[in-house]
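Just below is one structure, and these are the notes that go with it.
In the numbering used here, the protein residues as written are 70 to 385.
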């Protein structure tokens, strides 16, 4: 069975890629390490309808499903967009929270969440479901993380907040959409890191030849590409499973996250080794994508968590 994007879905992805190439270049990601991210790319995505893909038409959205949005989120990963697209468009929007910058991790009530220093609202898990908190209803304690562009903070409610849903199925679906989005972002990051490395190894010369012509380097890049090709259809299938409400949706989402983070880890290692010393410097763009991949690998469940879910789903 083949999984790919049809013309409409591909058009939405290409629109996102073009917007982000113009409005979220590496310099914009780099500047987000020391200040609030430039809102230009976020506004452009909103104007293009990307934040409202899963919002019903009756509520002013596009009324589409996860298969339309997953390509957009992948492009956000490719650009290392320093805004909470997964939380806002995939997790919160279907819960009726469109139109605002939402951040969440759906972890404990006292959680470390991205975009916490500038988000308008926070969606947090509580004992009886999901609750919404305004910025003035939570305590925000900024924390240092491997990727400063994510602006993470420890968030603790100091007010009751507003109950969004106490339906266990809706809470679970919101979590699965968050996992799916994170997998798509990791896939985009893998593509970008491989692209940077292929370009670098074609330009860097040793012994009078591009280092990309050496067999050892080719093997590193080929192995990375293989892992990406394993992950890509898994992410698309998981999006389809979520959209269609298939019985294997939860397992598929966990498979997608596990494969995507494995692809990012493999590609990151290959990229760093092939770049050599320059890849370790903060002046090189590689670290923007490498550090984002490290952060997302541990977000919305790590490798062991998702491997255990897949194993449990098949009776192991």
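For every residue, glycine included, the Cβ atom is placed at its ideal position computed from N, Cα and C. Since this is a predicted model, take the numbers as computed values, not measurements.
Tell me the DSSP secondary structure of residue 122 in three-state form.
Reading the chain shown from its first residue, position 53 is the one you call residue 122. Of the three classes helix, strand and coil, the one that applies to residue 122 here is coil, per DSSP.
I'd like to confirm the pairing. Which residues does DSSP put opposite residue 234 in its beta bridges?
Along the chain shown, read from residue 1 onward, the residue named residue 234 stands at position 165. According to DSSP, which records beta bridges pairwise, residue 234 is partnered with 199.
Taking the Cβ atom as the reference point for each residue, do residue 88 and residue 121 lie within a distance shorter than 8 Å?
The sequence position of residue 88 within the chain shown is 19, counting from 1. The sequence position of residue 121 within the chain shown is 52, counting from 1. No.
Excluding sequence positions up to five away, which residues of its chain have a Cβ less than 6 Å from the Cβ of residue 266?
Counted from its first residue, the chain shown places residue 266 at position 197. Excluding sequence neighbours, residue 266 sits near 340 and 343.
Tell me whether residue 131 sits in a helix, a strand or coil according to DSSP, three-state version.
On the chain shown, position 62 is the one that residue 131 refers to. Coil, per DSSP.
In angstroms with no decimal places, state the Cα-to-Cα distance between residue 127 and residue 167.
If you number the chain shown from 1, residue 127 lands on position 58. If you number the chain shown from 1, residue 167 lands on position 98. Between residue 127 and residue 167, the C-alpha separation is close to 13 Å.
In the DSSP output, which residue or residues are listed as bridge partners for residue 287?
Mapped onto the chain shown, residue 287 falls at position 218. According to DSSP, residue 287 bridges with nothing at all.
Count the other C-beta atoms from every protein chain shown that fall within 10 angstroms of the C-beta of residue 336, then say buried if there are 16 or more, exposed otherwise.
The count along the chain shown starts at 1 and reaches residue 336 at position 267. Classification for residue 336: buried.
Tell me, which residues are paired with residue 215 by DSSP?
Indexing the chain shown from 1 puts residue 215 at position 146. Bridge partners of residue 215: none, in fact.
Where does the unbroken alpha helix (DSSP H) through residue 98 begin, and where does it stop?
Here residue 98 corresponds to residue number 29 of the chain shown, with the count starting at 1. Taken as a continuous stretch (DSSP letters only), the alpha helix (DSSP H) holding residue 98 covers 95 to 100.
Could you give the residue range of the alpha helix (DSSP H) that holds residue 381?
Indexing the chain shown from 1 puts residue 381 at position 312. 372 to 382 is the extent of the alpha helix (DSSP H) around residue 381.
Decide yes or no for the touch test of the region 249 to 264 against the region 322 to 334: beta carbon pairs closer than 8 Å, at least 3 of them.
They touch, by the three-pair rule.
Out of 164, 75, 94 and 156, point me to the one whose CA is closest to residue 137's CA.
What you label residue 137 is simply residue 68 of the chain shown in a count that begins at 1. That would be 75, whose Cα lies nearest to the Cα of residue 137.
Just to confirm, are residue 355 and residue 345 a CB contact at a threshold of 8 Å?
Here residue 355 corresponds to residue number 286 of the chain shown, with the count starting at 1. Here residue 345 corresponds to residue number 276 of the chain shown, with the count starting at 1. It is not a contact, given that the beta carbons lie outside the stated cut-off.
For residue 269 and residue 240, I'd like the C-alpha separation in whole angstroms.
The residue labelled residue 269 in the question sits at position 200 within the chain shown. The residue labelled residue 240 in the question sits at position 171 within the chain shown. So the alpha carbons of these two residues sit roughly 44 Å apart.
How is the beta strand (DSSP E) around residue 224 delimited, first residue to last?
Your numbering for residue 224 matches position 155 in the chain shown. 222 to 226 is the span of the beta strand (DSSP E), which, as asked, contains residue 224.
Exposed or buried, which one is residue 274 when buried takes at least 16 other CB atoms within 10 Å?
Here residue 274 refers to the residue found at position 205 when the chain shown is read from its first residue. Result: exposed.
What residue ranges within the region 251 to 326 form continuous alpha helix (DSSP H) runs of no fewer than 4 residues, ordered along the chain?
If we require 4 residues or more, the alpha helix (DSSP H) runs fully inside the region 251 to 326 come out as 284 to 313.
Tell me the residue span of the beta strand (DSSP E) that contains residue 149.
Looking up residue 149 in the chain shown gives position 80. Counting along the chain, residue 149 falls outside any beta strand (DSSP E), and DSSP gives it neither H nor E.
Out of curiosity, what's the CA-to-CA distance linking residue 90 and residue 238?
Your numbering for residue 90 matches position 21 in the chain shown. Your numbering for residue 238 matches position 169 in the chain shown. One C-alpha to the other measures close to 37 Å.
How many angstroms separate the CA atom of residue 197 from the CA atom of residue 370?
Numbered from 1 along the chain shown, position 128 holds the residue referred to as residue 197. Numbered from 1 along the chain shown, position 301 holds the residue referred to as residue 370. In a straight line, the C-alpha of residue 197 is about 21 Å away from that of residue 370.
Determine the burial state of residue 94: buried for a count of at least 16 other Cβ atoms within 10 Å of its Cβ, exposed for fewer.
By one-based count along the chain shown, residue 94 stands at place 25. Exposed, since its Cβ has fewer than 16 Cβ neighbours within 10 Å.
If you count every other CB in all the chains shown that lies within 10 Å of the CB of residue 278, and 16 or more means buried, which is it?
The residue you call residue 278 lines up with position 209 of the chain shown. When all chains shown are included, residue 278 counts as exposed.
By how many angstroms is the C-alpha of residue 232 removed from the C-alpha of residue 174?
In the chain shown, residue 174 corresponds to position 105, counting from 1. In the chain shown, residue 232 corresponds to position 163, counting from 1. C-alpha separation (whole angstroms): 16 Å.
Relative to the C-alpha of residue 357, which residue among 77, 79 and 219 is closest?
Sequence index remark: in the chain shown, residue 357 carries index 288 (1-based). Of 77, 79 and 219, the residue nearest in Cα terms is 219.
Helix or strand or just coil, what does DSSP make of residue 367?
Translated into the one-based positions of the chain shown, residue 367 becomes position 298. In the structure shown, residue 367 sits in coil (DSSP, three-state: anything other than H, G, I, E or B).
Can you tell me whether residue 178 is buried or exposed? The criterion is at least 16 other CB atoms within 10 Å of its CB, across all chains shown.
If you number the chain shown from 1, residue 178 lands on position 109. In this prediction, residue 178 scores a pLDDT of 46, lower than 50, which makes its location untrustworthy; the coordinate-derived value is nonetheless stated afterwards. Exposed, since its Cβ has fewer than 16 Cβ neighbours within 10 Å.
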